[in-house]
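Going by the numbering used here, 133 is the number at position 33 of the sequence shown; the sequence numbering is gapless.
Idealized CB from N, CA, C, for every residue including glycine.
Reading through the structure tokens given below for one structure.
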Amino acid sequence: MNTCYAKTREGLAQLSGLSEGLSPRHRHVLLLCNGKRSLVVLRELLGPEVDADIGALRRRGWVRPVGSAML
Numbered sequence: 101m102n103t104c105y106a107k108t109r110e111g112l113a114q115l116s117g118l119s120e121g122l123s124p125r126h127r128h129v130l131l132l133c134n135g136k137r138s139l140v141v142l143r144e145l146l147g148p149e150v151d152a153d154i155g156a157l158r159r160r161g162w163v164r165p166v167g168s169a170m171l
């Protein structure tokens, strides 16, 4: 899947330190979700477990899908 993910307003608040509950791993994934990197690229950078990380971030409302990337 070539879906790209971007931070939501809530995700940006997590990174700014205004909220608690962000693990170091999820912080790293959230930093990489810039709306331009596809899930394929995130898997290459972080391994297949990034799928679960993205799922967790989506459930918390910290990232959202924004479209597809060209490979």
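Option nearest residue i by Cα separation, candidates the options
i      : options                : result
His220 : Arg160, Pro165, Gly167 : The structure shown has nothing for residue 220, since the chain only spans 101 to 171.
Ala113 : Cys104, Glu144, Val163 : Val163
Through-space distance from residue j to residue i, alpha-carbon basis
i      : j      : result
Leu171 : Gly155 : At Leu171, the pLDDT of 49 sits below 50, so the modelled position is not reliable; the number obtained from the coordinates is stated separately. The alpha-carbon atoms of Leu171 and Gly155 are separated by roughly 22 Å.
Glu120 : Val129 : 16 Å
Glu144 : Asn102 : 12 Å
Pro148 : Leu142 : 9 Å
Ser168 : Gly117 : 29 Å
Same chain only: Cβ atoms within 8 Å of residue i, ignoring 5 sequence neighbours per side
i      : result
Leu115 : Lys107, Leu122, Arg127, Leu130, Leu131
Asp151 : Leu139, Arg143
Neighbourhood of residue i by C-beta, 6 Å cutoff - its chain only, sequence neighbours within 5 removed
i      : result
Gly135 : Cys104, Ala106, Val166
Per DSSP, cross-strand counterpart(s) of residue i
i      : result
Val163 : Lys107
Ser138 : Cys104
Ser168 : Thr103
Heavy atom of the ligand COA within 8 Å of residue i beta-carbon
i      : result
Val150 : For the structure depicted, the ligand COA is absent and the ligand set is empty, with no information on it obtainable.
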